[in-house]
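Undergrad:
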Amino acid sequence: PRATLTLVIHRRNGERVEVPVTCRLDTAEEVSIYDAGGVLQRFAKDFLESASVM
Numbered sequence: 009p010r011a012t013l014t015l016v017i018h019r020r021n022g023e024r025v026e027v028p029v030t031c032r033l034d035t036a037e038e039v040s041i042y043d044a045g046g047v048l049q050r051f052a053k054d055f056l057e058s059a060s061v062m
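Position one of the sequence shown corresponds to residue 9 (the numbering used here), numbered consecutively onward.
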């Protein structure tokens, strides 16, 4: 969070453009997804937790 990252754009004409961006986590939900390792990992974790309750 708040780290400077590099967004690399590969254009159809072969041009490569690098743009600095700032990593932001603005909500508790975004932090939770980040902590889980990504959206799919978070979905899998939530799914498995709900399945184990049944």
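Cβ atoms here follow ideal geometry from the backbone N, Cα and C, with glycine treated the same way.
1) Give me the residue from Ala59, Gly45, Gly46 and Val16 with the minimum Cα distance to valine 27.
2) Whole angstroms is fine: what's the gap from serine 40's alpha carbon to glycine 22's?
3) If we ignore side chains and look at the alpha-carbon of each, how far apart do histidine 18 and phenylalanine 51 end up?
4) Determine the direct distance from the alpha carbon of alanine 44 to that of arginine 32, and round the result to whole angstroms.
TA: From the atom records:
1) As a first step, residue 27 must be located in the sequence shown, where it is residue number 19. Nearest C-alpha to valine 27: Val16.
2) Stepping through the sequence shown from its first residue, residue 40 is reached at position 32. Stepping through the sequence shown from its first residue, residue 22 is reached at position 14. Roughly 37 Å between the two C-alpha positions.
3) In the sequence shown, the residue the question calls residue 18 occupies position 10. In the sequence shown, the residue the question calls residue 51 occupies position 43. Rounded to the nearest angstrom, the two C-alpha atoms are 30 Å apart.
4) Walking along the sequence shown from the start, residue 32 turns up at place 24. Walking along the sequence shown from the start, residue 44 turns up at place 36. If you take the alpha carbons of arginine 32 and alanine 44, they lie about 16 Å apart.
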